[in-house]
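Per the numbering used here, the very first residue in the sequence shown carries number 25; after that it's consecutive.
A virtual CB, placed ideally from N, CA and C, is assigned to each residue, including glycine.
A short write-up of the structure that comes next.
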Amino acid sequence: MALLEVFARPLELVDLATSHAELLARRLAPWRTRDMLDEVIHHEFPGGIALVSSFGAESSVLLHLVASVDRATPVIFVDTGKIFGSTHRYRDEIVARLGLTDVRVAKPDPAVLMVQDEGAGLWMRNPDKCCAIRKVAPLSKALSGFEAWISGRKRYQGMVRAEMPIAEADGDRVKINPLANWSKADVESYARLHDLPDHPLVADGFRSIGCMPCTSRVAEGEDDRSGRWRGSNKTECGIHLGLAAFERDGSGI
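Quick look at the structure:
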């Protein structure tokens with residue numbers, strides 16, 4: 025019951041977030057990405073918005089854009105306990121290079137892991153539940169007090185991402201997707217223009233990078249995200265599918 029109480033959300037706030045997101049999506053659609061970020065960071069949600077970053081294969085582009093607007097913007101990184109060591113080192117390199125001053129690390133509750141993932145093999149038995157306790161729950165807590173958050177998803181990544189708007193409601197918060205319209209070529213061009221380093225695993229064939237057990241190399245011609253949860257129907261960790269539901273009723277716990 026304690027988890028349900030912590031994550032309870034008044035429905036009227038959800039309705040307000042939905043209306044706000046719809047208005048923002050229409051207004052920001054024609055804007056340049058950097059101007060869009062400046063608007064949401066300094067005017068729409070001053071002091072109330074955070075960037076959530078995996079510090080994965082394409083993360084440096086959005087981190088660079090946000091840093092160019094305000095290096096003090098909170099950046100939340102979820103350390104699930106199963107992240108590649110190279111991701112930690114890459115995170116530290118990018119943070120130092122961009123001068124980010126408020127990077128926050130969210131971690132799963134050790135007490136929950138002890139009960140629900142004893143032996144640390146839950147990812148094999150129930151990957152959805154593993155994501156729920158190692159990623160969704162920590163992010164939910166880290167976002168407490170924020171009105172909005174920024175995501176690096178793009179429509180070209182396909183599946184549930186293909187139709188996402190620039191702004192959308194996520195429970196009682198607004199989620200901003202400033203790179204929604206970007207193509208893969210746009211991302212690569214921006215990274216080259218600003219001499220942004222690749223995640224070291226990219227050169228080894230990893231084009232979408234999450235937790236070690238659930239990330240594999242991608243062959244030529246495969247979709248970038250095909251290396252995530254390979255061999256299963258799972259395509260998302262849950263923060264973009266179930267975060268609001270999790271906060272509402274504790275789903276997955």
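Other residues of its chain near residue i: CB distance less than 8 Å, five sequence neighbours each side excluded
i: alanine 81; result: Asp222, His223, Leu225, Val226, Phe230, Arg231, Ser232, Ile233, Asp248
Beta-carbon spacing of residue i, residue j below 8 Å
i: alanine 41; j: glycine 195; result: yes
i: alanine 204; j: alanine 45; result: no
i: valine 93; j: arginine 51; result: no
i: valine 99; j: arginine 121; result: no
i: aspartate 228; j: arginine 216; result: no
When the options are compared against residue i, the one with the closest alpha-carbon
i: alanine 91; options: Glu244, Met236, Ile174; result: Ile174
i: serine 77; options: His67, Tyr114, Asp59, Arg241; result: Tyr114
i: threonine 125; options: Leu75, Pro54, Phe108; result: Leu75
i: arginine 158; options: Asp133, Arg95, Trp206; result: Asp133
i: lysine 131; options: Tyr180, Leu167, Lys208, Glu187; result: Leu167
i: arginine 335; options: Glu244, Asp210, Thr239; result: Outside the modelled stretch of the chain, which goes from 25 to 277, sits residue 335, for which no answer is possible.
i: glutamine 181; options: Ser43, Phe69, Arg252; result: Arg252
i: methionine 236; options: Ala243, Val198, Lys106; result: Lys106
i: valine 211; options: Ala243, Lys178, Lys199; result: Lys178
i: proline 189; options: Leu47, Asp116, Val38; result: Leu47
i: arginine 56; options: Asn257, Trp206, Glu246; result: Trp206
i: alanine 96; options: Pro70, Phe108, Thr104; result: Pro70
i: alanine 136; options: Thr104, Gly109, Asp116; result: Looking at the sequence itself, residue 136 is valine, so the reference to alanine does not match. Nearest option by C-alpha distance: Thr104.
i: threonine 152; options: Ser256, Ala243, Asp39; result: First, the amino acid is wrong: residue 152 is aspartate here, not threonine. Here the closest residue by C-alpha is Ser256.
i: isoleucine 198; options: Asp62, Pro54, Ala53, Glu68; result: As written in the sequence, residue 198 is valine, which differs from the isoleucine given in the question. When only C-alpha atoms are compared, the closest one is Glu68.
Contact set for residue i: own chain, Cβ-Cβ below 7 Å, skip 5 residues either direction
i: isoleucine 73; result: Val64, Ile65, Phe170, Glu171, Ala172, Trp173, Ile174
i: tyrosine 214; result: Val85
i: proline 162; result: Val102, Ala130, Lys131, Pro132
i: histidine 88; result: Leu122, His218, Leu220
i: isoleucine 118; result: Phe79, Ser84, Leu87
i: leucine 61; result: Leu89, Val90, Val93, Pro202
Same chain, Cβ closer than 6 Å to residue i, five either side skipped, listed in chain order
i: glycine 143; result: none
i: threonine 111; result: Phe79
i: alanine 193; result: Ala41, Thr42, Ala45
Residue burial classification, residue i (beta-carbon count within 10 angstroms, cutoff 16)
i: alanine 49; result: buried
i: asparagine 201; result: buried
i: glycine 176; result: buried
i: valine 139; result: exposed
i: arginine 149; result: exposed
i: glutamate 187; result: exposed
i: lysine 208; result: exposed
i: aspartate 39; result: exposed
i: aspartate 141; result: buried
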